[in-house]
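Chains as they are written, first to last, in our numbering: chain A, 1 to 501; chain B, 502 to 670.
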C-alpha cells in the first residue's frame, strides 16, 4: 500500500491553513470565472494560470486543482440556467437541465449536478490513485518508438474523432506543429522559424498560445457577432433535493461515473461520448421515460457525473504519460511545463510529493466545491447577467495580463494578438482548436522521440516502429483514421440487412 | 456546437483564403528549413531539417485537399455560443476597435505600466463592444487594473510593470 502512504503524505502537505485558503480561493475564482457565459473550463484554466505564477509549485497546484474542478462545475451551472452550453461536454446537461430550470426545478437541477459532480469527482480521483501508478509502471517499460507512436495516436485522436471535418482538423494540427517548431532546436542549437527575433529563440510559450487561441480568439469571435440582447437567465434559490430526487439521482451518478472515467482516460476519449452514452442509458432505464425531454432529473445527474468523472480520467494519461486528451488537460499540461515540470512516467519518481499533493488537493477541491456551491448558487446565477461589454473586455484584460506575466515582454502580447486572430479565423471557418493546442504541446516531444528512435537505429527509418506496443497503437490509429470509410461499409450492411429482414 | 443558419449560398469562397494561408505557411516553413545546416551526426542522424520540411510539405498537401473540399461545396461550421448571434454578419468595426485597444496596451505597457495601459485596454474594449457609460467604465477599468496590480503583482508575485507610477503605487 505504497500509494496510500504517498497519498496520506500528500494530504499532510496540503492540509495547512495557508494551503486550504489557496484551495478555497482557487475553487471560488474557478467557479466564478467558469460560470461566466462563453468561458468554458479550458479558458478558465488558461486565464487563471498566471495568478499562480508567483507561488511555489506545490501551492500553485493546490490552487490549480481548485480552479480545475471549479471551472468544470461553473460550466454546468451556465448550461442549466442559460441553455446554451459553451463546451461540447455540457451539451447534454443542458438538454434536461434547462428544461428542469424552466419548469421551476432549477434548484434541484443544480443540486443534482453539484452532488453528482462531487460523487463522480471523488470516485474518479480514487480511480486515478489506483490506475495512474499502474500506467506508470507500464509506461516505464516503453521505449522511444512506443512514445512516438503514442504521440501520433494523440494527434490522430484529436483530429479524427472530435473534428467533424478531418481536413480542417489536420490543418489545425499542422498549424500547431509549426508553432511548436519555433525556437532553437535542442539537439543542434540551430534556430528554426525565429526570423532573427531573439525573443523567439526560446519558442512561443504554450500559455501564450492557449490564452491567444482560447481567450482572445473567442472574445474577438463573439465580439464580431455579439447578440445585442442578453440571453434570459432563470432565477434560482438555494439548491436542494427532495427524497424522490435523491432516489432518482444516485444510480445515474454511479453509472455516469462508470461511463466517464474510462473514456476520459483513453488517449482519444473526451467527455462528449460518455455524456451522450450516459444520457441514452438513463433514458432507457428510467421509470419516468415520459419526463425525458421535459426535464428529467436522471438526465442531468448521469451526464454531469460522466462529465466530471471523465475530467478526472483525463488526468491519468496527462500525469502518467504527459499526454493531454482534451483542451483543459492540454492547458494544465502547459501549466506544468511552465513550472519546469514535465509530466510523464518519471514524474511519479522525481516529483513524487508534488504529484500526490496535487491528487490530495483534487479531493479537497472537490469537497470545497460542494460546500461552496450549494449556498452560493444564487450569487453565481447573478454573474450570468454581467453586461456583455464588460465580460469580453474583461477577458481581453485578463488574457493580456496573463500573457505578459509569462515572460514580461510586450512581444508576447503581439504574439497573443496574432494567435487571437488565428483563433478568430479558426472559429469563423470551423477549424477545431484542440488539434492546434495538442500539436503545439506534443509536437516538440514527438520530434524528440522520433529522433531518439532514429538514433538507436542509426538513421534507419524502421527504427520508428518497434515492439508490440507500437504495433497495437498503429493499428488503432489506422482504425481511427479509417473509421469513416469503415462506418460507411458497416452502415450499408446494416441497411441491407434491415431491408431483407 | 449547434447547427446554425449561416448564409452559404454560392459556397463560402473566403475559405480559399484559408487554403492560401496554409500554403503560405507551408512555403515559409520549407524556405526556413532550407537555410538550416544539415548536420547529421551519429547522435542525431536526421538533424533539424527533415521535420520542418515534412510539415511544410504536409501543409501544402492539406492546402490542396482543403481547396478541393471547398470546391466540392464543403464548409466548416462556424462556432456557436451563448452570446453569439449566428445570423449577423461579422461586425468589423467592433473587431478593429478591439484590436486597436489591444495594440495601445502593447505599445504602452512597458512605458506607462500595467495600471494605466490595462485600464485603457479595458475601457477601450468596453467602448468597442458598445458600452457608452464612459465614466462608469473608467471607474471599473481603473478599479480592475489597480486590483489586479495589488492582488496579483504585489500579493501573489506576478510580474506586472509599475511603469510611470513606480513609487506611487
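Every residue, glycine too, gets a C-beta built ideally from N, C-alpha and C.
{"Asked": "Top-ranked residue by Cα proximity to residue 22(A), from 53(A), 2(A) and 66(A)", "Found": "66(A)"}
{"Asked": "Contact set for residue 217(A): own chain, Cβ-Cβ below 6 Å, skip 5 residues either direction", "Found": "420, 423 and 424"}
{"Asked": "Where the alpha helix (DSSP H) through residue 570(B) begins and ends", "Found": "551-572"}
{"Asked": "DSSP beta-bridge partners of residue 585(B)", "Found": "226(A)"}
{"Asked": "Within-9 Å CB hit, residue 602(B) to chain A", "Found": "yes"}
{"Asked": "Chain B within 9 Å of residue 221(A), Cβ atoms only", "Found": "yes"}
{"Asked": "Residues near residue 107(A) in its chain [Cβ-Cβ closer than 7 Å; skip 5 each side]", "Found": "236, 237, 238, 239 and 240"}
{"Asked": "Residue closest to residue 389(A), alpha-carbon to alpha-carbon, out of 542(B), 599(B), 530(B) and 525(B)", "Found": "599(B)"}
{"Asked": "9 Å Cβ cutoff met for residue 45(A) and residue 325(A)", "Found": "no"}
{"Asked": "Proximity test, Cβ basis, 9 Å: residue 560(B) and chain A", "Found": "yes"}
{"Asked": "Nearest candidate by alpha-carbon position, reference residue 529(B), set 560(B), 514(B), 636(B) and 605(B)", "Found": "560(B)"}
{"Asked": "Interface flag, residue 499(A) vs chain B, CB-CB below 9 Å", "Found": "With a pLDDT of only 49 at residue 499(A), under the threshold of 50, the placement of this residue in the model should not be trusted; the figure read from the coordinates follows. Chain B contact via Cβ: absent."}
{"Asked": "Identity of the residue in 300(A), 477(A), 158(A) and 126(A) nearest residue 8(A) by Cα", "Found": "126(A)"}
{"Asked": "Status (buried if at least 16 other CB within 10 Å, exposed otherwise) for residue 489(A)", "Found": "exposed"}
{"Asked": "Whole-angstrom distance between residue 323(A) and residue 212(A), CA atom to CA atom", "Found": "21 Å"}
{"Asked": "Bridge partners - residue 644(B), DSSP secondary structure assignment", "Found": "Answer is none; residue 644(B) lacks a bridge partner."}
{"Asked": "As assigned by DSSP and simplified to three states, the class of residue 507(B)", "Found": "Its pLDDT being 45, under 50, residue 507(B) is placed unreliably in this model, and the value from its coordinates should be taken loosely. Residue 507(B): coil per DSSP, three-state reduction."}
{"Asked": "Per-residue DSSP class, three states only, for residue 183(A)", "Found": "strand"}
{"Asked": "Against chain A: residues of the segment 524-541 of chain B by CB proximity under 9 Å", "Found": "526, 527, 529, 530, 533, 534, 537, 538, 540 and 541"}
{"Asked": "Cβ pair residue 37(A), residue 391(A) closer than 9 Å", "Found": "yes"}
{"Asked": "Expected contact under 8 Å - CB spacing of residue 659(B) and residue 405(A) to nearest Å", "Found": "5 Å"}
{"Asked": "Proximal residues, the segment 162-182 of chain A versus chain B, C-beta separation under 8 Å", "Found": "164, 165, 167, 168, 170, 171, 174, 175, 177, 178 and 181"}
{"Asked": "Option in 33(A), 47(A), 278(A) and 92(A) with minimal Cα separation from residue 518(A)", "Found": "The structure shown does not extend to residue 518(A), since chain A is modelled only from 1 through 501, so no value can be given for it."}
{"Asked": "For residue 301(A), the nearest candidate out of 118(A), 35(A) and 2(A) (CA to CA)", "Found": "118(A)"}
{"Asked": "is_contact[residue 53(A), chain D] using C-beta, thresh 9 Å", "Found": "Given the protein chain composition of this structure (A and B), no chain D is represented."}
{"Asked": "Under the three-state DSSP convention, the category residue 633(B) falls into", "Found": "coil"}
{"Asked": "First through last residue of the alpha helix (DSSP H) which encompasses residue 439(A)", "Found": "434-456"}
{"Asked": "Limits of the alpha helix (DSSP H) - the one that residue 33(A) falls within", "Found": "17-35"}
{"Asked": "Alpha helix (DSSP H) runs contained entirely in the segment 121-199 of chain A, provided each spans 4 or more residues", "Found": "144-157 and 166-181"}
{"Asked": "Neighbour-count burial assignment, residue 655(B), 16 or more Cβ in a 10 Å radius", "Found": "exposed"}
{"Asked": "Chain A residues whose Cβ lies nearer than 7 Å to that of residue 651(B)", "Found": "Chain A residues near residue 651(B): none, gap ~13 Å exceeds 7 Å."}
{"Asked": "Residue 240(A) (DSSP reduced to helix, strand or coil)", "Found": "coil"}
{"Asked": "Test: residue 576(B) CB closer than 9 Å to a CB of chain A", "Found": "yes"}
{"Asked": "Buried versus exposed call for residue 248(A) [16 or more other C-beta atoms within 10 Å across all chains shown]", "Found": "buried"}
{"Asked": "Where residue 74(A) falls, given that 16 or more other Cβ within 10 Å makes a residue buried", "Found": "buried"}
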